[in-house]
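Below is one structure, written out as structure tokens; comments come after it.
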Amino acid sequence: MKRLEAKTLRKLEGSMFIAPWVFGFLTFVAFPLGYSLFMSFHQVKIEVNRTEYTYIGFKHYREILVANGSLLYEELIPFLKQSLMMIPIILVFSLFVAILLNLKFPGRTLFRVIFFLPVIFSSGQIVQEFITQGEGSLSMMQSLRIDYYLKEYMPAAWASPIESVLSSFVLVLWYSGVQILIFLAGRQTLSASVYEASRIDGSNPWNTFWQITLPGLVPYIFLNLMYTVVDLFTFPSNPIISKVNTTNYGSSSALAWIYFVIIMAFVLLTLLLYRKVDKALSGR
Amino acid sequence: MKIERGRPGFLTDWRPNAKLRSRLELLRYRVLGTEIDKGILFKLVVYFVLINVAFIYLKPILYMVTTMVKDAKNILDPSVIWVPKSIYLGHLQEASHMLNYGKSFLISVSLATSVSVLQMFSCAIAGYAFARLDFPLKKLWGALLLFTFIMPPQVTILPTIMLFKQFGWMNTFLPMVVPALFGHGLKGAMFVIIYRSFYSTLPKELDEAARIDGAGMLRMFFRVMFPISRSATVVVLLFAFVWNWNDFYFPSLFMFTAENVPLSITLARMAGEMEQAAGAGEITVYAESIKMAASFLIIMPLLVVYLFMQRWFIEGVERSGLVE
């Protein structure tokens, strides 16, 4: 009896701690979420002191997906293709940089300070400013006429997203700030003694990387994958998100929901993949 | 060149003899090191890569700083690319005037500070509860936390605007501050997750000991748990401050007609004004410099904060389980 009481007491304590967050969730997430779903099925008319809703079913969805697909397909598909290429670049680059920064060498602190700068810049308007300055591209790309070769040898559907990734390559690196941090933190969780043991066993750094570092970082790779997906897809300057505005509440809500479902699909795919890889690794 | 495949003894000749091999080995050790990461070649490659990437990261900042101090003579002089021949601070003055810097700076500081401090506290509490406390439907709420992290804010933005309009919060700071109070707000879910993963790395004995010593739950949190989470706190505080300082999206929707706006909005307004001026035919060679000066004015406080915090920050990243 006494034990049960202690347990309920703990639950009560826990509830008190989580209550503010739950309240916030219900008010600022769940309610707006449900409301936007509701609006996406309605024609919304905002008048001075009241709002009128007419039920129209899936009309908004049909319009965006079928009738007037230009918005979705002409902007979303290239964007998805572009993200599909940016994500691996960001992941490989940040993993690479994190491993380099983890080495011990003179001047390491200075490099770390510089490499975390993107964390500060990349979220702001400043980055937009840099893009318009042309700071996002590598001048090498122009001098080697990469764009010309791309058009020559790639199918047209892929040439332009690849070209835009290349032309904003520096920008891609700029988006890697948090990912570098995550990998660096993840690298710290691998214990030094494992590395020592493998060194004594005579394995070279190349093997050590593939056998120890990379498998150990698998959870962080997926975390970064998820973070990158979420970050890229929720960046306010991306083409779809800028379409969600107050001009038409109903169809904007429908668009936001379609977009959200696509993101969820991406994330779930990531999670599924992670389960598979994790199982394969732990089964070894 | 002829390839003499058929020559007898080709394979044996090709192999270096033992003496040569040992010499090569020695050379390899010198250049590559006994382990790759100790050789000269490896170090050179590392520095080469790091310096190049660092340059990519620094170039826009250098460009920003050098452009904003160029006067007309330096802008039009083709021999001046990076280093101006003289330093002119007029653009900074002009930009700070156009940004209404004094007032907007104070607004940005107070908004970003209050939101990030609130987020730090409320997310620490929520993260602690998720990591170490028991409450009904814990699994469900945990899933909803992840859901909040994944969900783009654009899905809920329109109803949120309508909600805040109802409350009469438009054009005030409340739409940014109040969600932060409850552990939400800009990327709030991520901060909860950071705290949750930090608190779940602590040993269980810790709260048992505190409990035996008779600490109540609030006391335990504020006296034991929160103080030891310093490394996670630094990370969250810096992220929250920087992201809220830079955030344009929420303020632009919640307070776009307000008079007192943070720097991110004044920058956008200023850019709009300048575009309009350019459209009206007022072409000026200064536009670039003024924009860069404005960018510098906005980033500089962050750089100062970062320079002060970077040591703790890097330490914090390494020590806290920043991630799960």
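Line order of the protein sequences matches chains A and B.
In terms of the numbering used here, the first sequence has 32 at position 32, counting the first letter as 1, and numbering is strictly consecutive.
Counting from 1 along the second sequence, just add 1000 to a position and that's the residue number in the numbering used here.
Note that beta-carbon positions come from the ideal geometry of N, C-alpha and C, so glycine has one too.
These figures come from a predicted structure and were not determined experimentally.
Would you identify the three-state DSSP class for Y55(A), choosing helix, strand or coil?
If DSSP states are grouped into helix, strand and coil, Y55(A) belongs with the strands.
Quick one: Cα of R1311(B) to Cα of I1299(B), how far?
19 Å
Can you give the Cα-Cα distance for L255(A) and A67(A), rounded to whole angstroms?
14 Å
Could you tell me the alpha carbon to alpha carbon distance between M1098(B) and V1261(B), rounded to whole angstroms?
13 Å
In this structure, does DSSP put V44(A) in helix, strand or coil?
Correct three-state label for V44(A): strand.
Which value, in whole angstroms, describes the spacing of the CA atoms of D1247(B) and S1108(B)?
Cα to Cα, D1247(B) sits roughly 10 Å from S1108(B).
Which residues, taken in chain order from the stretch 1118–1140 of chain B, show a beta carbon closer than 7 Å to some beta carbon of chain A?
S1122, I1125, A1126, Y1128, A1129, L1133, D1134, F1135, P1136
For the stretch 64–90 of chain A, list every residue whose C-beta sits within 7 Å of some C-beta in chain B, in sequence order.
none
Roughly how many angstroms separate the alpha carbons of G177(A) and Y227(A), rounded to a whole number?
One C-alpha to the other measures close to 11 Å.
Once DSSP output is grouped into helix, strand and coil, what is the label at H1184(B)?
coil
Which complete alpha helix (DSSP H) runs does the stretch 195–278 of chain A hold, if anything under 4 residues is left out?
205–208, 214–234
Expressed to the nearest angstrom, what Euclidean distance is found between the alpha-carbon atoms of E47(A) and I262(A)?
A direct Cα-Cα distance of roughly 32 Å separates E47(A) from I262(A).
Pull up the distance between the alpha-carbon of I162(A) and that of Y153(A), whole angstroms please.
12 Å
Apart from the five residues just before and just after L1020(B), which ones in its own chain have a Cβ nearer than 8 Å to its Cβ?
none
Can you give me the start and stop residues for the alpha helix (DSSP H) that T1233(B) sits inside?
1230–1246
Hey, quick one: how far does the alpha helix (DSSP H) through L1144(B) stretch, first residue to last?
1138–1150
Taking F79(A) as the reference, which of S160(A), M39(A), P88(A), P32(A) has the closest Cα?
S160(A)
What whole-angstrom Cβ distance do P1175(B) and F1164(B) have, given they're in contact under 8 Å?
5 Å
Kindly list, in the order they appear in chain B, the residues whose Cβ is closer than 9 Å to that of K11(A).
L1133, D1134, F1135, P1136
Can you give the Cα-Cα distance for M1225(B) and L9(A), rounded to whole angstroms?
20 Å
Under a CB-based cut-off of 8 Å, is R285(A) close to chain B?
Nothing can be reported for residue 285(A): it is not among the residues displayed for chain A, which extend from 1 to 284.
Determine the contact status of I1061(B) and M264(A), defining contact as a CB-CB distance below 8 Å.
no
Please report whether the beta-carbon of M1217(B) lies at a distance below 8 Å from any beta-carbon of chain A.
yes
Applying the 10 Å Cβ sphere with the 16-neighbour rule, what's the burial state of A197(A)?
Under this definition A197(A) is an exposed residue.
Find out if the Cβ-Cβ distance for the pair L1145(B), A1189(B) is shorter than 8 Å.
At the C-beta level, L1145(B) and A1189(B) come within 8 Å of one another.
Is there at least one Cβ from chain A nearer than 8 Å to K1019(B)'s Cβ?
no
Say whether chain B places a C-beta atom closer than 8 Å to the C-beta of S160(A).
no
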